[in-house]
Amino acid sequence: MSFSLRSDNRLPQTRLAVVSYIIVGMIGLLLLGFWKLQVIDSDKYGQMAEQNRVRSIPIIAPRGRMLDRDGRVLVDNRPSFSVLLLRDDPKLVEQYLPVISDGLGISMEDLRDQLQNTRNLPKFQPIVIKPEASSADLDFIESHRSDIPVLEMLSVSRRRYMPGGFLGHATGYVGEASEQQIEASNGKLRPGDVVGKSGLERQYNDILMGSDGMRRVVVNSVGKEMKDMRLTEQEAIPGKQIQLTIDYDLQQVAEQSLGVRPGAVVALDPRTGEVLAMVSRPTPDPNDFAVRIPKEEWRQLNEDPLHPLLNRAIQAQLAPGSVYKIVTATAMLEDHSIPESFTTYCPGYGTFYGRQFKCWVYSSKKGPTSHGTTDLHDAILKSCDVFFYTVGMKLGIDRLAYYSDKMGIGHKTGIDLPSEEAGLMPSEPWVERVFHRKWYAGETISVAIGQGAITTTPLQLARLIGGIASDGVFKQPHMLKDAQNVGEVKFPLSEHTFEKITDGMYGVVNEPGGTGGQLKLAGIEFSGKSGTAQVIGYGTRERMGKQKKFEDNAWFVGYAPKRNPEICVAVLVQESGQHGGEASGPVARDIIKAYYDKKNRKANGTVTADEHTPAPASGAAVVAPAVALKPKNIAPAQANSADANPDPQ
Amino acid sequence: MKDATGTRDYDWWLIAIVAAICALGVVEIYSATHASGLAGMHTKQVKWLIVGFVLMFILSRIDYHLILDQAPILYVVCLAALAAVLVLGNSRFGAKRWIPMMGQQFQVSELAKLIIIIVLARFFAEVRSDELDLRDLLKAGMLVGVPLALILKQPDLGTALVLLPMLAVGAFLAGLKWLHAGIFTLAGVLLVGAVFYPPVSKHLLKPYQRERITSFLHPEDDAKGSGYQLLQSKIAVGSGGFWGKGFGNGSQNQLGYIPVRYSDFIMSAWAEEQGFKGVLLALGLYMALLLRLVQNAQRAKDRAGMFLVMGVAAALGFHVLVNVAMVIGAMPVTGIPLPLMSYGGSATLFVFMAIGLVMNVRLRRFVN
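Residue numbers (numbering that gives the first Met the number 0), protein chains in the order written: chain A, 0 to 648; chain B, 0 to 367.
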């Protein structure tokens, strides 16, 4: 042996034993580590492995369609694609952000904003970065499928409304659920869910909205889908469709007849409360909201002085003007404190409590400037202010407020739309409560002709006039065809009052001197009442000069036939500068004519509703069960929570 | 000196344990790769194992005293080879570790480990007293230090680190004074501390090494780097639960979430598919292997034999510790394979040659 060993060969047995203890200890420690991972924390890691393995891609449930009363499609869906960003891996997202920004034409700030806004969501949940992908976007994603692993396409169904804002205010629109909505939904809604934001979309969201399904695919570590590994799929349950009371034909006439003038139209069937048509101008196109509203556009809509987001049919609270005289007249007849034969002399003005109140006829541009001696019938026909000033003075505000209240002024009608306004009936308690003062008797004079503090919505007036013409039966207006428990308020009128008032409103259109004389329809008992409501007093207007926004609001509430009408139409044309009969009357006439034309065609069997555009409802559609309306006059909670409600006018 | 010949004297228990561990490895390599582009890797591994067994028997036949005789020459050859790798070696994955030999790429540092075991065994066997004095300790340190520096230069931190436990165990058995042991332990702790303390570590470590340390400490910040690897490994292990997901059923394994699942992270794949019960089996086998080595050392004929066996035990034990601790996320990624289970040519051959040395010592325990 060339190297020299120690002479003894005693081995350090103790130290060798120490080494074996160390080995046992080391293996023991490692096993403890495995025990912690595999037994104690096993569930946690099991879930993480599952999140790794399974990518969940939502299957969006299509919303239910909306049909008109004859089954024609008013709102349906169209297929579309959204671009999803998979955020499992922040580093990858960061790396590809510039490429994505470039390829999809989304600014970096926008992308970062979206990432920032969704930072609290679970990472495995993809976010929509472009809701409406163009075909170029789809090509981009398809061709970069392998090198940009963080993009995914999501097939969605997008709401399709009729073009040009047709029925837009009534249908409302949809959008991504807001944080408040998600919180209020008790876990039913998730971020990114599309929900109704206004109108019927909001009101009947629970019916219309389906339940999204989930496609679960196995992906490998580089994000490639393993096609041979199938996982159970949770199918999407489509939303149910709803049938509306809206009549497409009448709606179309209403839309065209009102044209582009700011205002509103509501057509009701007073026998049932069914809303046959509803228009509000200006109307934004809800299709513009179906994707995602650019912030700028939204700001403009909200700041537009014309308030395009306001559904004037149920939210415009304006002085009813002379239409209110029907209430004053009814109060006079029912109250019996003033004899029915009561007349006044109208020289074009009247003096009450030491102040002169003009009659509209005084500033009439053609014809006489006074009404002379008028009785109730003539006063309704010619809408003589002096007569109703006098009646109002004699009745007093308490009686007026009593009848107005009974007939629904100052109360929501209970229509199945969110954010309805109640209008206002001034009264002694009201001024005391709000202004802490006594009622001035002089104020009654203005209120008696529908001016002053009194405000109503077009829907309220349609319900009110239709109800009076139906002998005091006021049906709750509604838009869902199969609504059950339709509310009803009965305020029976004496037979005499009923005849007198309806004769008066018939005379407005059909007798010489009536304010709606030019509206006459052959063979139809077209009746109604015009109203020309001042926005500001005559004196103020002279001071301010002639400005469009201070022009009169033109009202006409028409119905047919004369008693127990089948249809009642309230029309508001704002700031028209024309009288109610001139500006609004023709719209009501057009709709009522169209109603009878259709009725006659149907009776003759010449036309079936289904041959009209739009596309008829196809085959086996899911139909919503009958839905009970909310009880009338109980202010619904949603009334003041709409996302898109600018201040009412 | 007579040669020992009887097959009866082979440590059949040791061979059985080694074979069992290799079998687990082959099974898991098959499971991890059969469905991927790497299919067929298990047969390659079997070939390496066969070569390994042959080498083991060859090495067991040559009297270790003859091998120890050649230690100085082996040492010089070792240093030369390490230097040659630095100059001539093939660069792969950013490190120069391989030289081509017979159509295969060999990792010279694996051979270096074996030679250092031999060199240290000879050095410690020559120490005359029962206590290791400081001068001898420093000499031993120098012997290890030079190749360690060369391996670090490749760079291959993992293999370089393996040399330290060889030195430590050798010195300990050679009668290291408790005072020195204390001092060196303290120095070791300080060094580890320095490595984990960025202001200091930037002078000591290469950027990629520092990155591994950082991602070990903060795995969530490094979702696709080595932090990701550790996390995915932990997910695989944890999701396996007690009973495991079953052979070929580990999603982390089959879908490729476990990094190099057939090699460095094979324990992760095994733990996922076989669960804690499988881990018990595997770690039990490793413990049996190591304790069997210690037992062989205890029965060695002379101190030289004991140092040889314990050098092997130190190297293998360190491999197991560092690799398995990495798999459960308790240590950073170092690139140290799991002996006998991980796929790999040079590493497998090293282990078998090392076991061959152990066998060698055992065969000669009754021979004078």
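Here a beta-carbon is modelled for each residue, glycine too, at the ideal position from N, C-alpha and C. Bear in mind the structure is a predicted one, so any value in this text is a computation, not a measurement.
Decide if S142/A is buried, meaning its Cβ has at least 16 other Cβ atoms within 10 Å, or exposed.
It counts as exposed.
Same chain, Cβ closer than 7 Å to M392/A, neighbours up to 5 away in sequence not counted
Setting aside the 5 residues that flank it on each side, M392/A is surrounded in the same chain by F351, T443 and I444, each with a C-beta closer than 7 Å to its C-beta; the list follows chain order.
Determine whether the Cβ of S250/B lies closer than 8 Å to any Cβ atom of chain A.
Interface flag for S250/B against chain A is set, since a Cβ pair is found closer than 8 Å.
Return the Cβ separation of L267/A and P491/A in integer angstroms, given the expectation that the two are a contact with Cβ distance under 8 Å.
That belief does not hold up - the Cβ atoms of L267/A and P491/A are roughly 20 Å apart, past 8 Å.
According to DSSP, simplified to helix, strand and coil, what is V218/A?
Three-state DSSP puts V218/A in a strand.
Could you please give the first and the last residue of the uninterrupted beta strand (DSSP E) stretch that includes G557/A?
First-last of the beta strand (DSSP E) with G557/A: N552 to A559.
Give the DSSP-derived three-state secondary structure of H477/A in the structure shown.
Correct three-state label for H477/A: strand.
For the beta strand (DSSP E) holding P57/A, just list the boundary residues, first then last.
Element bounds for P57/A: V53 to I58.
Taking any Cβ of chain B, which residues in the stretch 44–57 of chain A have a Cβ under 7 Å from it, in chain order?
Residues of the stretch 44–57 of chain A whose Cβ lies closer than 7 Å to any Cβ of chain B, in chain order: Y44, G45, M47, A48, N51 and R52.
Inside the stretch 374–451 of chain A only - alpha helix (DSSP H) runs reaching at least 4 residues
Within the stretch 374–451 of chain A, the complete alpha helix (DSSP H) runs of at least 4 residues are 375–381, 384–394, 396–405, 427–434 and 440–447.
Return no unless some Cβ of chain B is closer than 8 Å to the Cβ of V98/A.
V98/A does not count as touching chain B.
At 9 Å on the CB atoms, spell out the chain A contacts of D135/B, in chain order.
For the C-beta of D135/B, not a single chain A residue is nearer than 9 Å; the gap to the nearest is close to 13 Å.
Taking its Cβ as the centre, do 16 or more other Cβ atoms sit within 10 Å of E581/A, making it buried, or is it exposed?
Burial of E581/A is indicated by the presence of at least 16 other C-beta atoms within 10 angstroms of its C-beta.
Ordered list of beta strand (DSSP E) runs contained in the stretch 454–506 of chain A, each at least 3 residues:
Contiguous beta strand (DSSP E) elements confined to the stretch 454–506 of chain A occur at 472–474 and 487–489, taking only those with 3 or more residues.
Should K1/B be flagged as near chain A, meaning a C-beta pair shorter than 8 Å?
With a pLDDT of 46 at K1/B, under the threshold of 50, the predicted position of this residue should be treated as unreliable, and no value is reported.
Do you know how far the Cα of S156/A is from the Cα of K201/B?
Each residue's Cα considered, the two are about 56 Å apart.
Look up K357/A in the DSSP assignment and say whether it is helix, strand or coil.
K357/A falls in the strand class under three-state DSSP.
According to DSSP, is N286/A helix, strand or coil?
It is helical.
Using beta-carbon positions only, say whether N248/B and E272/B come within less than 8 Å of one another.
Taking the C-beta atoms as reference points, E272/B is found nearer than 8 Å to N248/B.
Do we get a CB-CB distance below 8 Å when we pair G24/A with the residues of chain B?
By this cut-off, G24/A is not an interface position.
Nearest-angstrom Cα distance between R270/A and G530/A?
Distance between the alpha carbons of R270/A and G530/A: 24 Å.
Simplified DSSP assignment, three categories, for T675/A:
Lying outside 0 to 648, the shown extent of chain A, residue 675/A is not represented and no answer is given.
Would you report the Cα separation of W438/A and M424/A, rounded to the nearest angstrom?
Between W438/A and M424/A, the C-alpha separation is close to 13 Å.
Helix, strand or coil for W11/B per DSSP?
DSSP places W11/B in helix when its eight states are reduced to three.
Is the shortest distance between the beta-carbon of S86/A and the beta-carbons of chain B less than 8 Å?
The identity of residue 86/A in the sequence shown is Arg, whereas the question assumes Ser. Judged by the 8 Å Cβ criterion, R86/A is not in contact with chain B.
Between which two residues does the beta strand (DSSP E) holding G88/B run?
For G88/B, no beta strand (DSSP E) run applies, since DSSP gives it neither H nor E.
Select from the stretch 225–240 of chain B all residues with a C-beta closer than 9 Å to any C-beta belonging to chain A, and list them in chain order.
Of all residues in the stretch 225–240 of chain B, those with a C-beta nearer than 9 Å to a C-beta of chain A are Y227, L230, Q231, K233, I234, A235, V236, G237, S238, G239 and G240, reading in chain order.
Just to make sure I have the definition right: I need the residues of chain B whose C-beta is within less than 8 Å of the C-beta of N119/A. Which are they?
Neighbours of N119/A on chain B: none; closest Cβ ~16 Å, over 8 Å.
Assuming H168/A and L332/A are in contact, meaning their beta carbons sit under 8 Å apart, how far apart are those beta carbons, in whole angstroms?
No, H168/A and L332/A are not in contact; Cβ-Cβ is about 36 Å, not under 8 Å.
Work out the CA separation of G169/B and A33/B for me, nearest whole Å.
The sequence shown places His at residue 33/B, not Ala. Their backbone Cα atoms lie some 42 Å apart in a straight line.
Please classify P624/A: is it buried, with 16 or more other beta-carbons within 10 angstroms of its beta-carbon, or exposed?
Low local confidence applies: a pLDDT of 46 at P624/A is under 50, so the model's placement there is unreliable, with the coordinate-based value given in what follows. When all chains shown are included, P624/A counts as exposed.
With C-beta atoms as the reference, is R311/A less than 8 Å away from A263/A?
Taking 8 Å as the Cβ cut-off, R311/A and A263/A qualify as a contacting pair.
On the criterion of 16 or more Cβ atoms from any shown chain inside 10 Å, does D481/A qualify as buried, or is it exposed?
Exposed, by the Cβ-count rule.
Determine the chain A residues that contact Y256/B at a beta-carbon separation under 9 Å, and present them in chain order.
Those are A48, N51, R52, N219 and S220, listed as they occur along chain A.
Interface residues of chain A around F349/B at Cβ under 9 Å?
By Cβ distance, chain A contributes nothing, its closest Cβ being about 20 Å from F349/B, past 9 Å.
Beta-carbon gap between I448/A and Y323/A smaller than 8 Å
Yes, these two residues count as a Cβ contact at 8 Å.
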